[in-house]
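Colleague: Can you read through this structure? Questions will come right after.
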Amino acid sequence: MLTPEQEAVVRAIRKLVDFWQITADELDMGPQPARAPAPPPPAPTGPKYRHPLTQQTWDGQGLQPSWLKDALTREGYTVDELRVLPDAHA
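If you're matching positions, the sequence shown starts at 53 in this note's numbering and goes up one per residue.
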């Protein structure tokens, strides 16, 4: 299934092929090389931040959770106080 953008491109290509009277043989669309597989997503690294009282965690990916914003702005914690030390994962 093509996206609307891809459908528009296919229509434009067909118009050009018709206008220039290009044949399929002239396009030389022989066997295409296989694409390399996408690399696997990185392994989870564990939480980077933890609230000392509620034990809520955040891995540092995406938007900051509300508990972290509240801890920094309303509760007076610093980023260093909420950061999980690398050896604390075990």
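Even glycine gets a Cβ: it sits at the ideal position worked out from N, Cα and C.
Quick caveat, the model's predicted, so the values are computed rather than measured.
Indicate the three-state DSSP secondary structure (helix, strand or coil) for Glu102 in the structure shown.
Modeller: First, the residue type needs correcting, since residue 102 is Arg and not Glu in the sequence shown. In this structure, Arg102 counts as strand in the three-state DSSP scheme.
Colleague: Along the chain, where does the alpha helix (DSSP H) containing Arg66 start, and where does it finish?
Modeller: Pro56 to Trp72
Colleague: Please classify Thr75: does DSSP put it in a helix, a strand, or coil?
Modeller: Of the three classes helix, strand and coil, the one that applies to Thr75 here is coil, per DSSP.
Colleague: Please classify Ala123 as buried or exposed, where buried requires at least 16 other C-beta atoms within 10 Å of its C-beta.
Modeller: buried
Colleague: By Cβ distance, which residues of its chain are closer than 7 Å to His103, with the 5 residues on each side in sequence left out?
Modeller: Trp119, Ala123 and Leu134
Colleague: For Trp110, which residues does DSSP report across the bridge?
Modeller: Tyr101
Colleague: Going straight from the alpha carbon of Pro99 to that of Ala90, what length do you get?
Modeller: 26 Å
Colleague: Taking 8 Å as the threshold (C-beta atoms), are Thr97 and Asp111 in contact?
Modeller: yes
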